[in-house]
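*Asks:* Quick one: the structure is below, and I'll ask about it shortly.
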Amino acid sequence: MCESVDPDEPCGPPGESHVADSWSALGRGFSRRSLLLAAPVAAGVAVSMPAGTAHARAVPLRIYRGNRSRREVALSFDAGADRGNAEGILDLLGEHGITASFGMTGPWVRRNPDLAQRVANEGHHLINHSMTHRSFVRGGPGGRALTGRERFWELDQADAVYQEIMGVSSKPWFRPPFLALTWRGAQDCADRGYDHIAMCTRDSLGWKRIPKQYVIERCVGVAANGASMMFHVGKASTDFRALPGVIAGIAGRGFRMVSVKDIVRVE
Ligand SMILES: [Zn+2]
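Printed below as a string of structure tokens:
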């Protein structure tokens, strides 16, 4: 099992700012510099911002929902456990001409170089999903948050595997294990070159082995401009069995399916 997010909680640990308050945070004492740095994605893109003060560091963008002016929905697939259904998922995406996002851990890429290379060669969007899949918020000894140095290590090691196996870097994209990331953790990611934090608006819950029909309903029902959905490639997940219905349902509602990178592109 790759993830264990409580689906009833918003993406991220309790108490973190969330998409709903992103814009009010922007209006509360944000420096002009921060606003300017965030400006490229400000047009219709929902991101979480800190309630902090001005700083000259890179501004991490926690991306939940993308551009609301385009009829596009992002599909993303996390890989950290077994080979699972990655092959079938890639086949299906290929048949439908969909370029999606893949959040792969370093060890998964190393164990499955053929699949990882296929993901890259077929033009999918690559997202660093850490090395050990420890929570950045409480994955340290005794349940403490990872230190900045540990976070850097997770990002660097996974990226080294990406470069070795696929010949490309995962920067600037990161998907936090368990979707858990504090503002400080996000700042560490940005400092290391990962200022695009791929969250989501819908966790399919396939990893909880809910019946495929529920996965389809959960995902198709919330399709909206710029929505972002998270699935898993692992065998334990019901996502693969649901995927044909998810794709048909979302397409039937008139949405194009794209990667997370696509929903934040600025035209
Ligand atoms: Zn994961």
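Just so you know, we're using our numbering here: the sequence shown kicks off at 18 and counts up by one.
C-beta: ideal position from N, C-alpha, C; glycine also.
#1: Is Phe195 near ligand 1, going by C-beta to nearest heavy atom under 8 Å?
#2: Would the stretch 110-119 count as touching the stretch 73-86 if we require 3 or more Cβ pairs under 8 Å?
#3: Shortest alpha-carbon distance to Arg79 belongs to which of Ser254, Gly140, Leu196 and Leu260?
#4: Determine the closest residue to Tyr211 out of Asp220, Arg161 and Arg192, with distance taken between C-alpha atoms.
#5: Under 8 Å: does the beta carbon of Arg100 sit that close to some heavy atom of ligand 1?
#6: Does the Cβ of Arg166 have 16 or more other Cβ atoms within 10 Å, making it buried, or fewer, making it exposed?
#7: Looking only at DSSP bridge pairs, what is Gly120 linked to?
#8: In this structure, how does DSSP classify Ile106 when only helix, strand and coil are distinguished?
#9: Exposed or buried, which one is Gly105 when buried takes at least 16 other CB atoms within 10 Å?
#10: In chain order, which continuous runs of the alpha helix (DSSP H) of length 4 or greater are located wholly inside the stretch 140-212?
*Replies:* If we stick to the structure as given:
#1: Yes.
#2: no
#3: Across the set Ser254, Gly140, Leu196 and Leu260, the C-alpha of Leu196 shows the shortest separation from the C-alpha of Arg79.
#4: Arg192
#5: no
#6: Arg166 counts as exposed, since fewer than 16 other C-beta atoms from the protein chains shown sit within 10 angstroms of its C-beta.
#7: Asp95 and Ile144
#8: helix
#9: exposed
#10: As summarised for the stretch 140-212, the continuous alpha helix (DSSP H) elements at least 4 residues long and confined to that stretch are 165-183 and 200-208, given in chain order.
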